[in-house]
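J.: Numbering (the working numbering), first residue to last: 34 to 529.
Where is the CB? At the ideal position from N, CA and C, for every residue including glycine.
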Amino acid sequence: MPAHAISPTRAEDYPEWYQQVVRAADLAEPSPVRGCMVIKPHGYAIWERMQAILDRAFKATGHVNAYFPLFIPLSYLEQEAKHVEGFAKECAVVTHHRLELGPDGKLVPTGKLEEPLVVRPTSETIIGAMYAKWVQSWRDLPLLVNQWANVVRWEMRPRVFLRTAEFLWQEGHTAHATREEAVEETLRMLDVYATFAEQDLAMPVIRGPKPAGERFPGAVDTYSIEAMMQDGKALQAGTSHFLGQNFARAQNIRFANSAGVEEFCWTTSWGVSTRLIGAVIMTHSDDDGLVLPPRIAPHHAVLLPIARSDEERGAVLAACRSLEEGLARASFAGEAVRVKTDARDIRGGDKVWQHVKQGVPVRIEIGPRDLAAGTASVSRRDRGPKEREAIPLGALAARLPDILEDQQAGLLSRAAAFREARSVRLGTAREVEDHFADPAAGFAHVHVADEPAIAAMLDPLKVTVRCIPMEGPDEPGTCVVTGAPVTRRSVLARAY
RNA sequence: CGGGGCGUAGCUCAGCCUGGCUAGAGCGCUACGUUCGGGACGUAGAGGUCGCACGUUCAAAUCGUGUCGCCCCGACCA
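#1: Tyr226 and Val238 - do their beta-carbons sit closer together than 9 Å?
#2: For Ser64, I'd like the list of residues in its chain whose CB is within less than 7 Å of its CB, leaving aside the five on either flank, ordered along the chain.
#3: Within the continuous beta strand (DSSP E) that includes Trp202, where are the two ends?
#4: Give me the Cα-Cα distance between Leu325 and Gln169, rounded to the nearest whole angstrom.
#5: Would you tell me roughly how many angstroms separate the C-alpha atoms of Ala61 and Pro506, rounded to the nearest one?
#6: Suppose the cutoff is 6 Å on Cβ atoms and the five residues either side in sequence are ignored; what does the same chain contact list for Gly311 look like?
#7: Hey, Ala57 and Ile79 are a contact pair by Cβ (cut 8 Å); roughly how many whole angstroms apart?
#8: On the criterion of 16 or more Cβ atoms from any shown chain inside 10 Å, does Glu398 qualify as buried, or is it exposed?
#9: Could you work out which residue in Val151, Asp321 and His209 is closest to His388 when comparing CA atoms only?
#10: Under three-state DSSP, which class holds Gln53?
#11: How many Å lie between Asp415 and Asp224 at the Cα?
#12: Label Pro338 either buried or exposed according to how many other C-beta atoms from any shown protein chain fall within 10 Å of its C-beta, with 16 as the threshold for buried.
#13: His332 by DSSP, collapsed to three states: which one?
#14: Where does Asn98 land, buried or exposed, given buried means 16+ other C-beta within 10 angstroms?
#15: Mind checking which residues open and close the alpha helix (DSSP H) that includes Ser579?
#16: Could you give the first and the last residue of the continuous beta strand (DSSP E) run that contains Met261?
#17: Could you spell out the range, first to last residue, of the alpha helix (DSSP H) harbouring Glu133?
#18: With a threshold of 6 Å on Cβ separation, who are the neighbours of Val253 within its own chain once the five nearest residues in sequence on each side are excluded?
#19: So Gln180 is in the beta strand (DSSP E); what residue range does that whole segment cover?
#20: Alpha carbon to alpha carbon, how far is Gly76 from Tyr51?
#21: For Arg240, does the three-state DSSP call read helix, strand or coil?
#22: Output the distance between the C-alpha atoms of Asp26 and Arg362, rounded to the nearest integer angstrom.
#23: Could you check which residue in Glu133, Val152 and Val151 has the C-alpha nearest to that of Thr143?
#24: Would you kindly report the start and end of the unbroken beta strand (DSSP E) that includes Glu147?
#25: With His478 as the anchor, note down where its alpha helix (DSSP H) starts and where it stops.
#26: Mind listing, in chain order, the continuous beta strand (DSSP E) runs of no fewer than 3 residues lying wholly within the segment 364-448?
#27: For Ile292 and His209, I'd like the C-alpha separation in whole angstroms.
#28: Select from Phe104, Glu345 and Leu336 the residue whose C-alpha is nearest the C-alpha of Ser355.
#29: Are Phe249 and Ile86 close, meaning C-beta to C-beta below 9 Å?
#30: Out of curiosity, what's the CA-to-CA distance linking Ala215 and Ala289?
#31: Which first and last residues belong to the alpha helix (DSSP H) in which Cys353 is found?
#32: Check whether the segment 487-495 touches the segment 437-456, taking contact to mean three or more Cβ pairs, one atom from each stretch, closer than 8 Å.
#33: Nearest-angstrom Cα distance between Leu429 and Cys298?
#34: What's the C-alpha gap between Trp181 and Asp233?
#35: Quick one: measure Cβ to Cβ for Leu360 and Leu433, integer angstroms, because I've assumed they're closer than 8 Å.
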């Protein structure tokens with residue numbers, strides 16, 4: 034048997050390793066439709082976990098859910114100039130509404146639409162159009178709405194979870210009476226994302242504003258959370274946009290303030306997508322497959338009955354049933370522990386490896402020997418695949434939450450240590466060039482001005498300014514390219 | 001959309017250059033038996049319009065043209 038369940042390993046071929054993990058963990062597979070993926074039950078279950086946690090956080094910050102149409106009239110998208118520029122190149126357009134059977138037996142689109150419909154790449158325009166109707170008075174504000182939806186961006190080079198033509202996400206859209214309130218909302222949601230990433234995904238992130246060139250089309254400011262993958266590349270894991278009054282002006286979203294004077298609203302939008310699944314894979318997984326932080330694992334633990342004869346099987350299964358009930362009464366991260374018994378009639382070793390590859394945080398084996406000793410054999414996904422610890426059956430319900438907590442915290446600190454080890458602070462353009470000569474170079478914290486001139490140095494290196502980190506005090510310096518004074522360092526990295 | 005590579009069983013691939021019997025292997029799958037606390041072994045079996053279309057030919061997985069799809073490198077992006 035090979036030393037690792039996944040081939041190639043991360044060190045051998047990182048992109049291929051990623052695809053093999055997706056396959057081995059049974060998360061998703063390519064579909065008959067170009068650029069689109071099928072998210073399989075295990076992959077979707079992870080998304081449902083993310084949805085559940087985020088949705089709670091959105092509600093807790095005063096947001097409500099609604100749903101807006103998939104189709105956006107072409108003219109809506111034209112309303113904001115920068116927005117058009119940003120999305121025009123990647124839109125799917127519906128031009129007909131009927132199919133007719135041709136003489137050759139083929140279906141032919143007919144019934145041409147008067148105005149083509151764009152399949153939403155994002156919903157600012159159609160939601161804005163509704164907000165223009167809904168908002169009249171300062172009493173109608175703020176408007177805090179989120180939608181869970183699919184969007185389509187016609188991408189040239191799809192990559193499962195990271196970049197597909199269609200993906201699932203949530204998009205929050207808010208309207209406020211003042212600039213301050215809208216900025217506060219933008220930062221609040223950035224914070225919700227950062228907390229979610231670190232607490233639930235065990236994925237350390239750097240939050241901060243994007244340079245002008247990396248802004249969302251039509252935004253005044255775009256903030257992102259940036260995570261480091263195990264190949265040293267950055268992945269934008271969430272964005273929050275302060276849209277100023279750009280969309281309000283373009284779409285006439287106005288309200289009468291308390292003095293009775295008409296003003297344009299200040300709006301925001303923010304989103305995270307199924308890309309987070311890719312982020313989790315590339316942050317934690319190893320050469321044996323998926324590693325899931327317990328908080329987003331569809332199942333915290335799997336019970337694996339081991340038996341040879343029918344008599345043994347009866348006793349072992351009975352023990353599993355009662356253990357499953359006992360464990361389900363324990364709680365972790367404020368929820369009931371999620372356990373399942375895998376009693377499928379397949380070879381034990383094979384079965385164990387399936388759960389290793391799928392990233393189940395804890396495996397609990399129960400066989401005749403365990404029953405005789407009154408214990409279970411417990412393995413953790415963050416340890417070696419063959420390590421086991423015998424834990425008394427009666428103590429498991431109490432121990433399991435601790436093990437999960439320990440694992441959740443361990444994954445975060447391991448990822449944080451990895452990021453620190455691959456982060457450097459550089460002072461000259463030459464140092465930047467040398468640093469990124471290494472294809473696996475991680476993050477570089479550098480003083481750079483937010484100017485197009487920077488691109489001349491970074492483009493050949495395939496490096497971008499990810500964001501300007503907000504944590505920590507100002508650290509004035511001079512741009513390594515232009516020499517202009519800069520108040521804070523930026524994070525430079527190659528990115529997904 | 002530009003450059004390169006590849007489409008043969010569920011997966012990984014051989015066969016193609018030099019056209020010719022019934023198209024192969026490993027893994028996986030099904031059944032039975034021996035096994036079973038660490039990715040088992042034996043026996044038997046199922047599974048392929050060789051990506052698709054047109055052409056050349058007595059004959060095409062094999063040659064030609066077109067087309068679709070996938071992968072890698074660029075441009076674009078969450």
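T.: On the basis of the supplied data:
#1: Yes, these two residues count as a Cβ contact at 9 Å.
#2: So the list reads Met70 and Val71, once near-sequence residues are dropped.
#3: From DSSP, the beta strand (DSSP E) with Trp202 extends over Glu199 to His209.
#4: So the two alpha carbons sit approximately 46 Å from each other.
#5: Their backbone Cα atoms lie some 42 Å apart in a straight line.
#6: Same-chain partners within the cutoff: Phe194 and Leu195.
#7: The C-beta separation of Ala57 from Ile79 comes to about 15 Å, leaving the pair out of contact by the 8 Å criterion.
#8: Label assigned to Glu398: buried.
#9: Put simply, of Val151, Asp321 and His209 the residue whose alpha carbon is nearest the alpha carbon of His388 is Asp321.
#10: In the displayed model, Gln53 falls within a helix according to three-state DSSP.
#11: When rounded, the distance between both Cα atoms is 28 Å.
#12: By the neighbour-count rule (16 or more Cβ atoms within 10 Å), Pro338 is buried.
#13: The three-state secondary structure of His332, taken from DSSP, is coil.
#14: The residue in question, Asn98, is exposed, as its Cβ has fewer than 16 Cβ neighbours within 10 Å.
#15: Limits of the chain in this structure are 34 at one end and 529 at the other, which puts residue 579 out of reach.
#16: Asp254 to Met261 is the span of the beta strand (DSSP E), which, as asked, contains Met261.
#17: Per DSSP, Glu133 is not a residue of any alpha helix (DSSP H); the beta strand (DSSP E) it occupies stretches across Val126 to Leu134.
#18: Closer than 6 Å at Cβ, skipping near neighbours: Phe275 and Gly277.
#19: Membership of Gln180 in the beta strand (DSSP E) is indicated by the continuous run Leu176 to Val185.
#20: Straight through space, the alpha carbons of Tyr51 and Gly76 are spaced by roughly 14 Å.
#21: Looking at Arg240 - three-state DSSP - the assignment turns out to be strand.
#22: In the structure displayed, the chain extends from 34 to 529; residue 26 sits before or after that span and is not available.
#23: Nearest C-alpha to Thr143 among Glu133, Val152 and Val151: Glu133.
#24: Where Glu147 is concerned, the enclosing beta strand (DSSP E) stretches over Leu140 to Val152.
#25: Judged by DSSP secondary structure, His478 falls outside any alpha helix (DSSP H) and instead within the beta strand (DSSP E) spanning Phe476 to Val479.
#26: Secondary structure within the segment 364-448: the beta strand (DSSP E) runs of 3 or more consecutive residues, fully enclosed, are 372-374, 395-399, 408-413 and 422-425 (chain order).
#27: The sequence given here places Ala at residue 292; Ile does not occur at that position. If you take the alpha carbons of Ala292 and His209, they lie about 16 Å apart.
#28: Taking only the C-alpha atoms, the option nearest Ser355 is Leu336.
#29: Their beta carbons are not under 9 Å apart, which means Phe249 does not touch Ile86 by this criterion.
#30: Looking at the two C-alpha atoms, the distance is approximately 17 Å.
#31: Segment Asp343 to Ala361, the alpha helix (DSSP H) holding Cys353.
#32: When Cβ pairs closer than 8 Å are counted between the two stretches, the segment 487-495 is seen not to touch the segment 437-456, the count staying below three.
#33: CA-to-CA, the gap between Leu429 and Cys298 works out to about 55 Å.
#34: Each residue's alpha carbon lies about 19 Å from the other.
#35: Indeed, because the Cβ distance is near 6 Å, the residues count as touching under 8 Å.
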